[in-house]
Every structure is written in structure tokens, then in C-alpha cells.
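Colleague: Per full-length UniProt numbering, the sequence shown runs over residues 1 to 379. Take this structure first; my questions come after.
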Amino acid sequence: MLGVKGYGEAEFIFAIIKITAAIGFILFGVILNCAGTPERGYIGFEYWRSPGAFNHGVKGFCSVLLNAVFAFSGTELIGLAAAETANPRKSLPMAIKQVFWRICLFYLSIILLIGLVVRHDDPRLVDGVNESDANASPLVIAFQEAGVQILPSVINAVILVSVLSVANSAVFGSSRTLAALGALRQAPKLLAYVDRRGRPLMAIGVAAVVGLLAYLADLEERDKVLEWLVGIGALSSVFTWGTICLCHIRFRSAWLLQRRGLYELPYRSSVGVAGSYFGLFVNVAIILVQIWVAIAPIGYETLATVELARNAVLKLLSGVLMLIFFVVHKIIHGTRYVRPGEVDLDTGRRDYNVLLLESLEREQRAMWPRWKKIYKFLC
């Protein structure tokens, strides 16, 4: 309700809390791995040897890809947020670089440390046999292994803050998407309403109401409800990322075919079209391996036909829904394939004198000290 500025301020506060906790856990994880727990000494890579680093091998790796996708989903929202800023040419590259380094520094390092200090067969994890500990976070388990009493509660509090951050981002992203669909007449026109402060109030209201589904967690059958909700949205991020890559490929193709120079673009991807081709390939590969895992899950030899069918439906439901939406959209709107040479590249485009802007930016960079040049190059 506070617009893009309020969204940014809220995310800034959430980010401070999460980054502080992440840095604390990274330091703690390194100490725990090197010094060991009160019952034992140095851990190192022992858990990678016994019980092993990759449970169930390649199929096990493919089976958890959707969980990894869920953890990384939302990074594409920087495009929506930057589009509403006063100077996307400046804010978008900065945001992209920061997201890249945050993923490398926080996501990957924490995942690495969790794999080093927590066994994958620990009974307190999600699939553990102990019902009371079934929802324990591996971060909490790591602190418990070290015999620390207070920090597990702190980590649980940080997890709650992270949930608020996810909710904040989800409402922001989904409301803007609904408003755009309304403006394109692909959703009720009412959703396209935007007030004087640039807030799509109707779309925000719809997104917030859908969020009330969170109260289904109080039902006795909440596990089954969660499975179906995850099934509906499981592959959505994969389709989103793949579509973004495809759109970039098509855009650059249309840009060059219409005899326009790359110097005219206010922002150019640092990895170019090759990065989009690679990203599209990876996303298609994820979809294909999910079909394989859905048809032949781990231990499928011992599963009944009903269980196999249920697993396949849950894994592939979101893909089927996406296909249905695509076909229905084609039938209702009668859209056709647009050749790259016919793509409209001007409607809604901001007017920039790119050459003048680049000249001014070069003059500014020339006056920066060396440390700032290095920082701006990285971040």
C-alpha cells in the first residue's frame, strides 16, 4: 500500500536483519566445522564421505531442484522494482550486480556450510521420523549440535522475518503483474486501476486476499494442502526465468534486424544473448528432469500405482496449468507469432539520449577514487 518506496524501505529493514543473521551463521558455521561440537572435534568434509554428499545420486539431486528453485525465486522482481524508479538506467545494473553477489556470498556459502555441519540423514530434518522435530531448520539443528541454547530461537525469529519479506515481495510482484494484465485486457480491467501515487490498489487487494490461504496451515490436513499449493506453483519460477531469457533473445534479434545499434540501449546485459541462451537451456533441462522424476520417483519400484499417479500430478500440475493458460489465451485473443522484424520496439519506451548520458557518466567516473571505481564495477 506504500508504493515502490514503501516496498523498498521494508525490504531494506528486512535485508539488514537477514544479512546480519547470515553473516553470523557463516562465521558460526566456519567455527563449528573447524572446532567441532562439544562431543567431537574437527568435522571438515566428513559428512560428505559418510553418509555422503549426494543422497540418492543424480535422481536425488534432480528431485530437490524445485526446492532450490523456490529458494531462489523472487530474484527477478528487481526488474519490476527498477522499472518504477526515476532512473532505471542507473538503478537496474546496480541491483543486478548486488543480487549476483548476495546469491554467491549468502545463499551458496550458507548452503555449503549446512552441508558440512549437518548430516542429510539427521532425524530432525523435514523427513525425519521424529514428528515433533519434523519442521526443524538445518540452521537450528547446527546450533543445537553446538550446544547453544539461545541462538536457535533467534534463528527461528529470523525465519519469521524472512517469511514477512517473502510476503512483501510476493504482494508487490503479483500486484504489478495483475495490473499489467488488466491494462492489456488479459485480466479484469478493474485490476489496472492505479491511484495518483502509482499504486495498483485493486491488484494489491486481490494479492493480499489470496495470501489469506496461509491460514490453511491450521488445518489437520495442512501437509496435503501444502503439497497441492506447491504443486500449483512449483514450476512457475522456471517458466518465468525461461520466458525472460526467451524474451531477451527475441528482443535482441528484433533490435538488430530493425537495424538499431546496441549503443542505443540504456542498459545491456553483461552476459549478452549467450547468457540468455544458456539460461533458457538450463530451465528447459530442469523441466525435462522434473518430468523424469515425476514418472519414476525415488523408490518407484515399491510404490503403488495410486501413489505414482499422485506424485506425477503434483510434480507436473503447474506445467499443465501453464499449457492450458497458453492455449486458452491463444483461442480467446487470437494472437499470432510476431516476426522479429515486425516487433514494436518503441511503444512505452522512455526517451533517452544514451550517447549524452554515457559521456556524462564517463566524466563522473574519471573523477572517482580508485576504490570507488572497483566498488562500482563489482556492485
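All C-beta atoms, glycine included, are put in the ideal place defined by N, C-alpha and C.
If you draw a straight line from the alpha carbon of F172 to that of E301, how long is it in whole angstroms?
Modeller: As a working mapping, residue 172 is identified with position 172 in the sequence shown. As a working mapping, residue 301 is identified with position 301 in the sequence shown. Going from the Cα of F172 to the Cα of E301 covers about 44 Å.
Colleague: May I ask you to report which of helix, strand or coil DSSP gives E342?
Modeller: Indexing the sequence shown from 1 puts residue 342 at position 342. The answer is helix: DSSP assigns E342 an H, G or I state.
Colleague: Could you compute how far the alpha carbon of R102 sits from the alpha carbon of L108?
Modeller: Along the sequence shown, one-based indexing puts residue 102 at 102. Along the sequence shown, one-based indexing puts residue 108 at 108. The straight-line gap from Cα to Cα measures roughly 9 Å.
Colleague: With H, G and I counted as helix, E and B as strand and the rest as coil, what does DSSP make of H120?
Modeller: Here residue 120 refers to the residue found at position 120 when the sequence shown is read from its first residue. Residue state, collapsed to three classes: coil.
Colleague: So L125 and A136 are supposed to be a Cβ contact under 8 Å. How far apart are they, rounded?
Modeller: Along the sequence shown, one-based indexing puts residue 125 at 125. Along the sequence shown, one-based indexing puts residue 136 at 136. 7 Å between Cβ atoms; contact.
Colleague: Spell out a yes or no on whether the segment 210 to 224 and the segment 288 to 295 are touching, meaning 3 or more CB-CB pairs, one atom from each, closer than 8 Å.
Modeller: Result no; under three Cβ-Cβ pairs closer than 8 Å.
Colleague: Hey, A10 and V158 are a contact pair by Cβ (cut 8 Å); roughly how many whole angstroms apart?
Modeller: Counting from one through the sequence shown, the residue named residue 10 turns up at place 10. Counting from one through the sequence shown, the residue named residue 158 turns up at place 158. Between V158 and A10 the Cβ distance is about 16 Å, and since that is not below 8 Å, they are no contact.
Colleague: Write down every uninterrupted run of the alpha helix (DSSP H) in the segment 162 to 245 whose length is 4 residues or greater and which is fully enclosed by it, in chain order.
Modeller: With a minimum length of 4 residues, the continuous alpha helix (DSSP H) runs that stay inside the segment 162 to 245 are 201 to 210, 222 to 233.
Colleague: Classify P200 as buried or exposed, calling it buried when 16 or more other Cβ atoms lie within 10 Å of its own Cβ.
Modeller: Within the sequence shown, residue 200 is the residue found at index 200, counting from 1. The residue is buried, with at least 16 neighbouring Cβ atoms inside 10 Å.
Colleague: Which of the three DSSP states, helix, strand or coil, is assigned to A134?
Modeller: Indexing the sequence shown from 1 puts residue 134 at position 134. Unreliable positioning characterises A134 in this predicted model, as indicated by a pLDDT of 40, which lies under 50. A coordinate reading is not provided.
Colleague: The alpha helix (DSSP H) with F106 in it runs from where to where?
Modeller: The residue given as residue 106 occupies position 106 in the sequence shown. From DSSP, F106 is part of no alpha helix (DSSP H); its letter is neither H nor E.
Colleague: Just how far apart, CA to CA, sit Y42 and Q98?
Modeller: Here residue 42 corresponds to residue number 42 of the sequence shown, with the count starting at 1. Here residue 98 corresponds to residue number 98 of the sequence shown, with the count starting at 1. Straight-line Cα distance between these residues: approximately 34 Å.
Colleague: Is the segment 213 to 231 touching the segment 307 to 319 in the sense that three or more CB pairs, one from each, lie closer than 8 Å?
Modeller: Output reads yes: the segment 213 to 231 touches the segment 307 to 319.
Colleague: With V284 and G242 assumed to form a contact (beta carbons below 8 Å), what rounded beta-carbon distance in angstroms separates them?
Modeller: Taking the sequence shown and counting its residues from 1, one reaches residue 284 at position 284. Taking the sequence shown and counting its residues from 1, one reaches residue 242 at position 242. Going by Cβ atoms, the distance from V284 to G242 rounds to 7 Å, so yes, they are a contact pair.
Colleague: If I measure Cβ to Cβ from I78 and keep anything under 8 Å in the same chain, skipping five residues before and after, which residues do I get?
Modeller: The residue labelled residue 78 in the question sits at position 78 within the sequence shown. Around I78: L92, A95, I96, V99.
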